[in-house]
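From first to last, the protein sequence lines are chains Z and R. Under my numbering, the first residue of the first sequence carries the number 16, and numbering increases by one thereafter. Under my numbering, the first residue of the second sequence carries the number 158, and numbering increases by one thereafter. For every residue, glycine included, the Cβ atom is placed at its ideal position computed from N, Cα and C.
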Amino acid sequence: SAVISQKPSRDICQRGTSLTIQCQVDSQVTMMFWYRQQPGQSLTLIATANQGSEATYESGFVIDKFPISRPNLTFSTLTVSNMSPEDSSIYLCSASGGGNQPQHFGDGTRLSIL
Amino acid sequence: AQSVTQLGSHVSVSEGALVLLRCNYSSSVPPYLFWYVQYPNQGLQLLLKYTTGATLVKGINGFEAEFKKSETSFHLTKPSAHMSDAAEYFCAVSEGGGADGLTFGKGTHLIIQP
């Protein structure tokens, strides 16, 4: 299965600033996704990162707040913009080969906003 | 729309006892079903998956799950619990397999009593 690395692993940020999270996969994958896990909660899909085109966002998430890039088949970034304390969460990247292939996850980025 | 219900936010079993974590799903098409485990301060690890074919699925660490279409269930079991099984367990569903994002249940925290 693919090995997925996320950077940074954690960060503490000031409100109003932005942070970009990187996700690197050790092999080419068809699909990449971004999820949010709020404290003590389950995971919620933010968007599907599409290679070479705009990401597909789920209801409640918008591009201006969570811009996503996917320049190639092994790399994606998620930016959390104009952060507020409500954005304090774990952000996880996942990847899949598509079809019947399951998603594999990175270790997540633990983000705290002061 | 797809959804997942996990019965019991916390389940406590004695070491060596049977582990049973319940998951019921709702899907408008034949679902792809997954169980993931999350250890503290880590990402999600895939335990097992159901796509098509055999309804009894074996996974890692001695876990297995049975897909029962008539009951819309995908319960996770392990015959004998080990202290190292203590973690958060998530059931997830996808209608498009690896090409679609996952919808997660709220999770079940498994506690192992010595």
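For Z:PHE90, no Cβ of chain R is located within less than 8 Å of the residue's own Cβ. A check of alpha carbon separations from R:VAL186 across R:GLN159, R:PHE231, R:THR265 and R:LYS215 identifies R:GLN159 as the nearest. Counting only unbroken stretches of 3 or more residues, the beta strand (DSSP E) elements lying wholly within the region 181-266 of chain R are 189-195, 201-207, 213-215, 221-225, 230-235 and 244-251, in sequence order. Going by beta carbons, Z:ASP122 and Z:GLN21 fall inside the 8 Å limit.
For R:ILE269, the closest alpha carbon among the candidates R:SER169, R:LYS225 and R:LEU213 is that of R:SER169.
Taking R:VAL214 as the centre and dropping the five residues before and after it, the same chain places the C-beta of LEU205, LYS206, TYR207, GLU221, ALA222, GLU223 and PHE224 closer than 8 Å to its C-beta, in chain order.
For Z:GLY67, no CB of chain R lies under 8 Å from its own CB, so it is not counted at the interface with that chain. Under the three-pair Cβ rule at 8 Å, the region 89-103 of chain Z counts as touching the region 26-43 of chain Z. Interface criterion not met: the Cβ of Z:MET47 is under 8 Å from no Cβ in chain R. Counting only residues of its own chain and dropping the five nearest sequence neighbours on each side, Z:ILE83 has a CB closer than 6 Å to the CB of ALA62, ALA64, ALA70 and LEU93. By a beta-carbon distance limit of 8 Å, R:LYS226 does not contact Z:SER57. Their separation comes to about 24 Å. The Cβ atoms of Z:PHE76 and Z:VAL95 do not sit closer than 8 Å to each other. Per DSSP, Z:ALA70 lies in no beta strand (DSSP E) segment and is marked neither H nor E.
Residues GLN195, GLY264 and HIS266 of the same chain have their beta carbon placed closer than 6 Å to that of R:GLU245, with the five preceding and five following residues left out of the count.
Residues CYS180, TYR182, CYS248, ALA249, VAL250, THR260, PHE261 and GLY262 of the same chain have their beta carbon placed closer than 7 Å to that of R:VAL161, with the five preceding and five following residues left out of the count. A residue is called buried once 16 or more other Cβ atoms fall within 10 Å of its Cβ, and R:ALA211, having fewer, is exposed. When DSSP states are grouped into helix, strand and coil, Z:ASP102 belongs to the helix group. Of all residues in the region 195-219 of chain R, only GLN199, GLY200, LEU201, LEU203, LYS206 and THR208 come within less than 7 Å of chain Z when Cβ atoms are compared, listed by chain position.
Non-local C-beta neighbours of R:SER237 in its own chain, meaning closer than 6 Å and more than five positions away in sequence, comprise GLY173, ordered along the chain.
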